[in-house]
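Before any comments, here is the structure.
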Amino acid sequence: MTRDDLARSAERILERRRMRDRFFQGDLDGFGEPAWDMLLTLVARGGTTPAELLVAAVPMDADIVRNYLLWLQSHSLAAIEGETVSLARRGWEQMAGYLAAEAQWAAAA
Numbered sequence: 236m237t238r239d240d241l242a243r244s245a246e247r248i249l250e251r252r253r254m255r256d257r258f259f260q261g262d263l264d265g266f267g268e269p270a271w272d273m274l275l276t277l278v279a280r281g282g283t284t285p286a287e288l289l290v291a292a293v294p295m296d297a298d299i300v301r302n303y304l305l306w307l308q309s310h311s312l313a314a315i316e317g318e319t320v321s322l323a324r325r326g327w328e329q330m331a332g333y334l335a336a337e338a339q340w341a342a343a344a
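At position 31 of the sequence shown (counting the first as 1) the number is 266 in my numbering, and the numbers step up by one without a gap.
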């Protein structure tokens, strides 16, 4: 890849990150890559997964991952019921909107 190719790739990544921030703008305090990985994992698994699989999907210390999970719950993006984690209605809506916009963006690129 040339430097111009690398620059364009970096610009696309930044654009996608800004787009994600627009969809989750009310939740940016504390929102980070672990939370994002968990939301994507939940969508990829149909919206519900055992908590231990969700914790294992994020390459960080389990206690830190659990803190992010509690943060997602406190922002109504995920729901914890016993040992199961599900996307909350608001989480589904936010992720569906973002992923639809992502698909449109990718198709236009």
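C-beta: ideal position from N, C-alpha, C; glycine also.
From the options, residue whose alpha carbon lies closest to that of residue i
i, options, result
"Y333", "D239, L274 and L288", "L274"
"G203", "D239, A342 and L322", "Outside the shown range of the chain (236 to 344) lies residue 203, about which nothing can therefore be said."
"P294", "W271, R255 and D239", "W271"
"L307", "D298, D262 and Q339", "D262"
"E337", "W327, E250, E246 and S244", "E250"
Residue i - containing beta strand (DSSP E), residue span
i, result
"A331", "Careful: A331 lies outside any beta strand (DSSP E), inside the alpha helix (DSSP H) at R324 to A343."
"T237", "Taken as a continuous stretch (DSSP letters only), T237 belongs to no beta strand (DSSP E), as it is neither H nor E."
Residue range of the unbroken alpha helix (DSSP H) whose run includes residue i
i, result
"E316", "Per DSSP, E316 belongs to no alpha helix (DSSP H); it is in the beta strand (DSSP E), A313 to E316."
"P294", "It is not in any alpha helix (DSSP H) - P294 carries neither H nor E in the DSSP assignment."
"D272", "E268 to A279"
Reduced DSSP category for residue i - H, G, I as helix; E, B as strand; rest coil
i, result
"V320", "strand"
Contact under 7 Å by Cβ, residue i with residue j
i, j, result
"V290", "M330", "no"
"P269", "E318", "no"
"R325", "S311", "yes"
Check: residue i C-beta below 6 Å from any heavy atom of the ligand NAD
i, result
"D256", "Ligands displayed in this structure: none; no statement on the ligand NAD is therefore possible."
Supposed close pair residue i, residue j - CB separation, criterion 8 Å
i, j, result
"T276", "A292", "4 Å"
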